[in-house]
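Residue numbering for the sequence shown is 476 to 596, as defined by the numbering used here.
Glycine included, every Cβ here is placed at the ideal spot set by N, Cα and C.
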Amino acid sequence: MSGLAAQVPQALALTLIRPLPGEIHSATALLEFAENVLLWLLLLGTVAIPYLRRPATGASTQAAPHPQVSPAALCLTFTLLMLTLIGLVTPLYGGIERYRCLAMPFLIILLLLFYDKRTRT
Numbered sequence: 476m477s478g479l480a481a482q483v484p485q486a487l488a489l490t491l492i493r494p495l496p497g498e499i500h501s502a503t504a505l506l507e508f509a510e511n512v513l514l515w516l517l518l519l520g521t522v523a524i525p526y527l528r529r530p531a532t533g534a535s536t537q538a539a540p541h542p543q544v545s546p547a548a549l550c551l552t553f554t555l556l557m558l559t560l561i562g563l564v565t566p567l568y569g570g571i572e573r574y575r576c577l578a579m580p581f582l583i584i585l586l587l588l589f590y591d592k593r594t595r596t
């Protein structure tokens, strides 16, 4: 099991970062790179914008009651497991892009949940 666990960071990097700018040799790879850049910009915006905003004075910081299983935890777990499995078993970028689209809605929902939570506090 340690051999498989050692491959997890490489699998996540393969599904979340690649293709790198030096690996772009076709229009398809350019589109995959553009999708990754857009995804990372969305991630940075989701994390950075709430830190730049200041809450209004007198704003309530009390959170609403949470359900037993958080939707954010569900989205995070599904996304990480899906992207890890895709990176471990799929050797081609085209296949990675095709299968990665299954996890993208959950990743975007996770980012929106995080953004909404950060802007409320």
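A Cβ-Cβ distance of about 10 angstroms is found for the pair P494 and E510, leaving them out of contact under the 8 angstroms criterion. The criterion of a C-beta distance shorter than 9 angstroms is not satisfied by L582 and L489. Non-local beta-carbon contacts of F553 in its own chain, meaning distances under 6 angstroms to residues more than five positions away in sequence, involve F581 in chain order.
Closest option to L586, judged by alpha-carbon separation, among G562, I571, Y574 and L517: L517.
In the three-state DSSP reduction, T521 falls in the helix class (H, G or I).
Between I499 and G569, the alpha-carbon positions lie close to 13 angstroms from each other.
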